[in-house]
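Numbering-wise (UniProt numbering), the sequence shown opens with residue 1 and increments by one.
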Amino acid sequence: MSKKRRLSPSASSRSSATPAPAQSISTPAPIDFASSPAPSDAGHFAAEGLAESSRADASASVTPAPSHVKANRTEARLGAVVPGSGDGTGIGEECFLWADLPMNKQGYRYLPCALSPTPSPAQHWPFYRTIAYPPTCPPVHLSWTDRSYFLRLSSTATTATTDKGFRSGRANVGVREGTWYYEVIIGRGDGNAGTGGGAGGENGNAHVRVGWGRREANLDAPVGMDGYGYGIRDINGEKVHLSRPKPYARTFKTGDVVGCLISLPARNQAEDEAKMRRKRIGIHYKGQHYFEMDEYGVQKEMEALVDREGKVAAAAKAAAEAAKEEDKAAKGVKRKGKNQKGSDATPGPRTLPILPGSRVEFFINGESFGNAFEDVYDFAPLPPVHTQTHGSGSKPPKHEAVLHDDGTLGYYPMISCFGRGKVQCNFGPQWRYAPPSSAHARPMVERWDEFRAMELRLDIRDEEEDTKRLKAEMEEMEERRIAAEAKMAAAAARGVVAASKKAGSKKKRKGTDTPSQRDSPALGDQTPLSRMTPGLGDTRMDVDGASVASRSRAGTEEAVKKEEMEVEGDVVVKAETEEDPEEGVKWE
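In structure tokens form, the structure reads like this:
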């Protein structure tokens, strides 16, 4: 199924080379849910286009976003608060719905960007780089665009809630190797109430899930719903993966702190970066430039794991399809399509690689419950499927899944809220309950500098490659222009020569009606007989045989004259005396 573009760029889209250097942003201390209300700096909100003039009327007015685009801005512009969407100040920071932001959905994702300091050789093709959000947000926070639209966020992007069904959000950076840790403070969660009737809202039960998820994980579903996420839920502290809750820890509720740890094996960073490829298009949306990129799609092998029979069902289905194709081939049944070979069989499911030695562990109020998951699935893209369904010369589908690593793959901190459940994320470096020292876990906030440094290296590489490509294209265009001008000049020269030759041939044909004119220089410049007054040729011509031709012409011209008189009626052409301008001889 083809992807539909959700946004309509108001400025010409340009591909770009990539993100800007890391911004120096201070890391705020963890926020206390009980004693720390949401920020109330009205001046800052007004400057950034936020719809919040004070704490009292935060949900009542909206400050319009600036109509112009600051392409050279150093901080991304935040969105605007949707009036009346606040959840109140009773529990932690107040959370709102936010407008004027492009959300990651329908196969696309977005990152704010601005002009790169590296000049482009082509003025119409400038370079762009991603930029960070203002200091109100800590370096690592819940992403403004990589979340469900219905997940409400605070102005610091660390607190989240929703009012009905499960909605999820990911952090703005992920991890690819090493041991990392973050903790979640449960602002509102009724794990003791169980599943209840499954209703959300004011009269339903508030629930939360936390854990780690990949880029492909669904944001309108809880973490652990598919094979792309590993989570823990408040009901009985069960671990969840592939939508299958299993006993693990104990129930947690409002006020508890859940620690999330992930450990991934080391990777060859240089080799990974050499294989990274980024394809990004710059667009303008609501007063801000963004990179638009293809999102990683769900693979059929991962989707098949959600079946209750899991891998067995997927393998059995693939085996049945292969057997069916072999049976068709044995019976000589041809598939649709030209040049289709009967020996071609439908490819079986691809092997899902794992990360040996990887693990996910959860803590409740500092208490460890051991490894919840081990040997998690690898986040690297699966190899492409080579099929021939329409002959040997067929092309791959137009909308093919992204099969390259653009540097954003990995496992991300991921939270999910249901029925007014509320959480606050703390990405370090200070903890409510620190992880055990034996785990050698690093706070997620330290990942920010590493991520930005990697982006900068990729930026420099992309800009160098794009500079070479643009220069080569410009040189080629200049060569084509010079060749085209030379071709036009040659064509113009040929046209002048041809015109002069044509004029000369016409002049030569003027006096070549009869041999006598060719022989007599005096008569060669006289007016041709065809232009003389009809009936006068007999008295002018004295060459043998010329009188016969002259009489013939005279008869023809008299017939034409008679016909003209019949047609025009009152218009009669009379033969008048004519003076030859060449000879000065007057003929009567």
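Note that CB positions come from ideal geometry on N, CA and C, so glycine has one too. Computed from a predicted model, the values in this text were never measured in an experiment.
Where residue i falls, given that 16 or more other Cβ within 10 Å makes a residue buried
i      : result
Gln123 : exposed
Lys471 : exposed
Arg250 : exposed
Ala103 : Note that residue 103 is Met in the sequence shown, not Ala. Its Cβ being crowded by 16 or more others within 10 Å, Met103 is buried.
Met293 : buried
Ala453 : exposed
Ser438 : exposed
Gln430 : exposed
Ile354 : exposed
Lys286 : buried
Ala56  : Confidence is the limiting factor: at Ala56 the pLDDT is only 34, short of 50, which leaves the residue's position unreliable and the question unanswerable from this model.
Val184 : buried
Met225 : buried
Ile364 : buried
Ser500 : exposed
Gly237 : buried
Gly49  : Here the model assigns Gly49 a pLDDT of 33, short of 50, so the residue's position is not dependable, and the following value carries that caveat. By the neighbour-count rule (16 or more Cβ atoms within 10 Å), Gly49 is buried.
Pro112 : buried
Limits of the unbroken beta strand (DSSP E) element including residue i
i      : result
Gln424 : Lys422 to Asn426
Glu361 : Arg359 to Ile364
Lys253 : From DSSP, Lys253 is part of no beta strand (DSSP E); its letter is neither H nor E.
Ala160 : Thr159 to Thr161
Glu183 : Gly178 to Arg188
Gly282 : Ile281 to Tyr285
Val240 : Lys239 to His241
Gly213 : His207 to Gly213
Asp143 : Note that residue 143 corresponds to Ser in the displayed sequence, not to Asp. Looking at the DSSP string, the run of the beta strand (DSSP E) that includes Ser143 is Leu142 to Arg147.
Thr118 : That residue, Thr118, is in no beta strand (DSSP E); it is neither H nor E in DSSP.
Ile232 : Gly229 to Arg233
Tyr128 : Tyr128 to Thr130
Pro349 : Unbroken run through Pro349: none, as it is neither H nor E.
Lys246 : Arg244 to Lys246
Beta bridge counterpart(s) of residue i as assigned by DSSP
i      : result
Leu111 : Phe291
Tyr377 : Ile354
Cys95  : In DSSP, Cys95 forms no bridge with anything.
Ser168 : Ser416
Ala80  : Ala99
Leu264 : Gly178
Lys468 : According to DSSP, Lys468 bridges with nothing at all.
Leu153 : Phe96 and Ala160
Asn371 : Glu361
Arg442 : Trp180
Lys105 : Tyr108
Nonlocal neighbours in the same chain, by C-beta distance under 8 Å from residue i, ignoring five residues either side
i      : result
Glu464 : none
Glu566 : Residue placement at Glu566 cannot be trusted, given a pLDDT of 45 that sits under 50; what the coordinates show is reported in the next sentence. Excluding sequence neighbours, Glu566 sits near nothing in its chain.
Phe373 : Tyr230, Lys239, His241, Arg359 and Val360
Arg278 : Thr18, Met293, Asp406, Gly407, Leu458 and Asp462
Ser85  : Ser59, Phe96, Leu97 and Arg152
Pro435 : Tyr181, Gly259, Leu261, Phe363 and Ala441
Val223 : Ser168, Arg209, Val210, Gly211, Trp212, Gly213, Ala217, Gly229, Tyr230, Gly231, Val240, Met414, Ile415 and Ser416
Boundaries of the alpha helix (DSSP H) in which residue i is found, first to last residue
i      : result
Ala270 : Gln269 to Lys275
Lys300 : Lys300 to Ala304
Residues near residue i by beta carbon distance below 6 Å, same chain, minus five either side
i      : result
Arg73  : Ala114
Asn371 : Arg359 and Glu361
Phe451 : Val173
Arg109 : Met293 and Glu295
Phe379 : Arg214, Leu409 and Gly410
Pro119 : none
Cys425 : Thr158 and Val184
Arg350 : Glu301 and Leu382
Ala206 : Arg188, Gly189, Asp190, Gly419, Arg420 and Gly421
Asp146 : Asn104 and Arg170
Interface flag, residue i vs chain B, CB-CB below 8 Å
i      : result
Phe427 : Absence of chain B from the displayed structure is noted, only one protein chain being present.
Beta-carbon contacts of residue i that lie in its chain and below 7 Å, excluding the five residues immediately before and after
i           : result
Asp87       : Glu94, Cys95, Arg152 and Thr161
Phe369      : Tyr248, Ala249 and Phe362
Lys253      : Ile186, Gly189, Asp190, Gly191, Asn192 and Asp234
Val140      : Ala171, Asn172, Val173, Phe427, Met444, Val445, Arg447 and Trp448
Tyr228      : Gly213, Arg214, Glu216, Ala217 and Met302
residue 599 : What is shown of the chain runs 1 to 588, which leaves residue 599 out entirely.
Gly255      : Ile186
Gly357      : Pro265
Proximity test, residue i beta-carbon vs the ligand MN heavy atom, cut-off 7 Å
i      : result
Asn218 : Looking at this structure, you won't find the ligand MN or any other ligand, since it has none at all.
Taking 8 Å as the threshold, find out whether the segment 441 to 452 comes into contact with the segment 232 to 246 through three or more Cβ pairs. no
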